[in-house]
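S.K.: Just so you know, this note's numbering puts 23 at position 18 of the sequence shown, and the rest follows in order with no gaps. Idealized CB from N, CA, C, for every residue including glycine. First the structure, which I've put down as structure tokens, then a few questions once you've had a look.
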Amino acid sequence: MKKRRNRFTQYQPLEERLVEHSTRLREEAKTLPPGAVRKAILRRAEQAEAGAHMSQWLRVPGSKRS
């Protein structure tokens with residue numbers, strides 16, 4: 006028996022969602038004391054920002070080399 010995929014439409018572009026996620030993570034990190042947990046959250050925020058930049062870069066025509 007096959008499972009059906011849950012499909013839904015994203016109303017915000019990926020870049021916007023990643024930037025919002027990064028902002029939320031940075032706000033959360035501000036409330037934490039210095040340590041491993043804070044460092045991990047900041048790393049996730051940086052990864053989300055990098056993903057947003059990569060997604061934007063891939064969308065711009067002519068920015069990729071063949």
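Straight-line CA distance for Gln15 to Ala53?
M.R.: Counted from its first residue, the sequence shown places residue 15 at position 10. Counted from its first residue, the sequence shown places residue 53 at position 48. Going from the Cα of Gln15 to the Cα of Ala53 covers about 17 angstroms.
S.K.: May I ask which residues mark the beginning and end of the alpha helix (DSSP H) holding Ile36?
M.R.: In the sequence shown, residue 36 corresponds to position 31, counting from 1. Before going further, note that residue 36 is Thr rather than Ile in the sequence given. No alpha helix (DSSP H) contains Thr36, which DSSP labels as neither H nor E.
S.K.: Give the secondary structure of Met59 by DSSP, where H, G and I count as helix, E and B as strand, and everything else as coil.
M.R.: Looking up residue 59 in the sequence shown gives position 54. If DSSP states are grouped into helix, strand and coil, Met59 belongs with the helices.
S.K.: Would you call the stretch 6-13 and the stretch 25-44 in contact, with 3 or more CB pairs under 8 angstroms?
M.R.: Contact between the stretch 6-13 and the stretch 25-44 is absent, because fewer than three Cβ pairs lie under 8 angstroms.
S.K.: Mind checking Leu63: buried by the 16 CB within 10 Å criterion, or exposed?
M.R.: Locating residue 63 in the sequence shown gives position 58, counting from the first residue. By the neighbour-count rule (16 or more Cβ atoms within 10 Å), Leu63 is not buried but exposed.
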